[in-house]
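Note sheet for the following structure.
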């Protein structure tokens, strides 16, 4: 101790500062500890954290629009969606180029599905237009241009021409279109220099020349587009599907053209993107807020039911002689060894209108045969079945906490003059609160994300948000919305956890010991 | 409610029996009368029934048979919280979720006492155990000795006339334990409360008590003040259990005029004081306290009985010498002598002669 009065750092026996040699000794320990948990850490990262992160990322990811329709997105940027008019011809030209390539790549239906989440009908619009876009009258451009320079009809000419940087810089649209086309062919295992030239390339070339491009390349400089009759693309699209004349379709494309979107999240809270930012959805389309509220409410009811039913059992377990308690414990654990599906289905058998409970009530004369109770495929059924299934998760932490509360506390309270109830309420109960906390967190978080039981016994009024998420994952394939709903659910759980930590204190949660 | 005839009795056990399993009696026929203000210790090995007696008195166990009376009133059917008996538990049982002051206020609160009165009493009780500054702490922030004081204060704060203590000092280290023994005794005397104290530590029992009840096998083996218990044990269990004790086995040859002649197993004849032996031919266990044996001839008194002995071990213990001898075939014969300037220090292997007064040598039962 007297050494500390010396100025300067403490030195270890070998003369290095004590702090440094301590840090070195500790570092070795830390590395060893890290090495021990590394396999699990990597496993968790790869199989758990990474997929979840990827899934959550989908809730904001929206590259499909700008990747599939790059020209359209750019051309549409200046269009005023409030004008009530369809976009100018240039946009249709861009859409034509994008759609031809997307159709070749078979990506237009995926885009249609994506945009259909935001506006119904877009999916069929894209499917139909994709089928028709190849038959548009744009072959007129091909014919006119190859007539002026027959060399242009040879794929090899194009391939060579597009190597030339002066050509590339003078014909930007043609270059971009050729690159996308060539990339598609190469990915398909073909050689762009040999494949048949598509009309879209000539259309792009025509658009470039019409807009005043003047390539110096001799193969192109002689071309004159002034007397080529332009194809009426808006009319062609309208002919394929008259929805293209509906400005709201274009508005949807414009609104969802950025790479990242808050649209899924807005959708998940019953809102949508409007011209002035977020706005509420029409009332008949609102569902998720209600589902979230229902999920939280029912989880709360389930948690409270579990406390009410589990507390006395845990108390018995903790206070009975060891042998009886072990027997009871097996009964508590028994459901764990039975399949979840079996237990849920058992409730279906018990609670249905022709089920055991209704039969018994009718037989006892408590319920008339024609007014049997509806106890399944509604909230009641879900609450009953889930309380039963989650009860062990309440009893076990409660039990392990109660086990650590010695009986002498109750005795002491009684010897000090407290009645049985006061002794319990003032002395025993406060000490069991950490167990209630642990059990409640466990049950609440488990039930908030429960899927299988509400799916089986929930009917329409007893389903949870998780059922909707599952629907979007496996049926509607709207993974972005599913991811947004999942993210919100995760955020709600974390928020509740944080609140709990602030109010009760997370170090007050005990699973035993 | 049966009123007892014994007006002087405060706590009374009458023919109390207790069985947990219906086959074995843990407490067999317990009779005990305590006057008000007495400090009585129940001492005994574990499983002797002493804690069960305490729990019956507190009301946490019901007597299988018999009557327990408090201040003349049978309390068999009164629940613990109405008995008004203070209790200090083995591990203090301070409520961990309450502060020290809240712990102390608890018994007052359940008695619906007003806030100001409550606070005054809590303060007085804390001052009494010199813990006045600790009211705001949690029990977990206190040391063992401090928790002990708080537990004591809590048992006293509602002014119980009878306080039960169940091995309250068991968890403390030796020095603190000795200090607390005096403290508890002092407080009990000051307040004039009646205390029933359970322990298996005989030193504790001897230092603190007005009377000690030695328990074994569900019975009180002897109920006596400490000095009497130590010096005049009534049977060989009490002689063995209280203090250090030398025993020599033998057979009674005859009893005359309050003197029993005992033939030890090696043929030696000695005179003893007969305690619970009655007739010749009976086997007996002769008990002599180590400090009543003398080997320095000059200190031997007239009429002392002498025997040959061989020194096996000599231990210097500071204030005393402790010597192990072989006497009459017993290798565990211990003598303790005071470290006086003229006291001879013995060597192992030395042949000596030891002696004691016949009245210090008690012939007890051989069981």
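Chains as they are written, first to last, in the numbering used here: chain A, 546 to 1058; chain B, 64 to 430. Using N, Cα and C, we set each Cβ at its ideal position, and we do this for glycine too.
Residues sharing a beta bridge with residue i, DSSP
i, result
"residue 414 of chain B", "B:373"
"residue 72 of chain B", "B:98"
"residue 711 of chain A", "For residue 711 of chain A, which the question treats as bridged, DSSP gives no partner whatsoever."
"residue 574 of chain A", "According to DSSP, residue 574 of chain A bridges with nothing at all."
"residue 323 of chain B", "B:318 and B:335"
"residue 562 of chain A", "A:556"
"residue 399 of chain B", "B:385"
"residue 992 of chain A", "DSSP lists no partner for residue 992 of chain A."
"residue 262 of chain B", "B:106"
"residue 313 of chain B", "B:327 and B:347"
"residue 225 of chain B", "B:148 and B:257"
Chain A contact for residue i (CB, 8 Å cutoff)
i, result
"residue 202 of chain B", "no"
"residue 149 of chain B", "yes"
"residue 76 of chain B", "no"
"residue 221 of chain B", "yes"
Contact set between residue i and chain B, taken where Cβ atoms lie within less than 8 Å
i, result
"residue 954 of chain A", "156 and 158"
Closer than 8 Å to chain B by CB, residue i
i, result
"residue 980 of chain A", "no"
"residue 959 of chain A", "yes"
"residue 1050 of chain A", "no"
"residue 1058 of chain A", "Model confidence at residue 1058 of chain A stands at a pLDDT of 46, short of 50, so the residue's coordinates are unreliable; what they give is reported in the following sentence. No, its Cβ sits nowhere closer than 8 Å to a Cβ of chain B."
"residue 1007 of chain A", "no"
"residue 946 of chain A", "no"
"residue 975 of chain A", "yes"
"residue 964 of chain A", "yes"
"residue 972 of chain A", "yes"
Beta-carbon neighbours of residue i, restricted to chain A and to distances below 7 Å
i, result
"residue 73 of chain B", "Those do not exist, as residue 73 of chain B stays about 18 Å from chain A at its closest Cβ, beyond 7 Å."
"residue 143 of chain B", "959 and 960"
"residue 123 of chain B", "956"
Chain-ordered chain A contacts of residue i [CB-CB under 9 Å]
i, result
"residue 217 of chain B", "957 and 961"
Beta-carbon neighbours of residue i, restricted to chain B and to distances below 7 Å
i, result
"residue 511 of chain A", "Residue 511 of chain A falls outside the range modelled here, since chain A spans only 546 to 1058, and no answer is possible."
Within chain A, the residues that residue i reaches when beta carbons sit closer than 8 Å
i, result
"residue 152 of chain B", "953, 956 and 957"
Contact between the region 215-231 of chain B and the region 246-256 of chain B is defined here as three or more beta-carbon pairs at a separation below 8 Å; is this criterion met?
yes
Quick one, which residues of the region 162-187 of chain B are near chain A if we go by CB-CB under 8 Å, in chain order?
169, 170, 173 and 174
Taking a Cβ distance cut-off of 7 Å, strictly less, list which residues of the region 285-298 of chain B are near chain A, in chain order.
none
For the 8 Å Cβ check, are there 3 or more pairs between the region 785-793 of chain A and the region 1001-1009 of chain A?
no
Between the region 980-994 of chain A and the region 938-955 of chain A, can you find at least three pairs of beta-carbon atoms closer than 8 Å?
yes
Residues of the region 98-121 of chain B with Cβ closer than 8 Å to any Cβ of chain A, in chain order
121
Tell me which residues of the region 395-406 of chain B have at least one Cβ-Cβ distance to chain A shorter than 7 Å, keeping chain order.
If the cut-off is 7 Å between Cβ atoms, the region 395-406 of chain B has nothing near chain A.
Quick check: the region 270-285 of chain B against the region 119-126 of chain B, are at least 3 beta-carbon pairs closer than 8 Å?
no
Under 8 Å: do the region 924-936 of chain A and the region 968-983 of chain A share three or more Cβ pairs, one atom per stretch?
These segments do not touch.
Decide yes or no for the touch test of the region 298-317 of chain B against the region 136-143 of chain B: beta carbon pairs closer than 8 Å, at least 3 of them.
no
Is there contact between the region 808-817 of chain A and the region 1020-1035 of chain A, where contact requires at least three CB pairs shorter than 8 Å?
Taking 8 Å as the limit for Cβ pairs, the verdict is that the region 1020-1035 of chain A does touch the region 808-817 of chain A.
Can you confirm whether the region 724-731 of chain A touches the region 789-808 of chain A when touching is taken to mean that 3 or more C-beta pairs between the two stretches lie within less than 8 Å?
no
For the structure I just gave you, are there three or more beta carbon pairs, one from the region 644-660 of chain A and one from the region 751-764 of chain A, closer than 8 Å?
no
Assess contact between the region 911-930 of chain A and the region 1033-1047 of chain A, defined as three or more Cβ pairs (one per stretch) separated by less than 8 Å. Is contact present?
no
Across the region 168-182 of chain B and the region 951-969 of chain A, are there enough close Cβ pairs to call them in contact, namely three or more that are closer than 8 Å?
The region 168-182 of chain B, when compared against the region 951-969 of chain A, does touch it at the 8 Å Cβ threshold.
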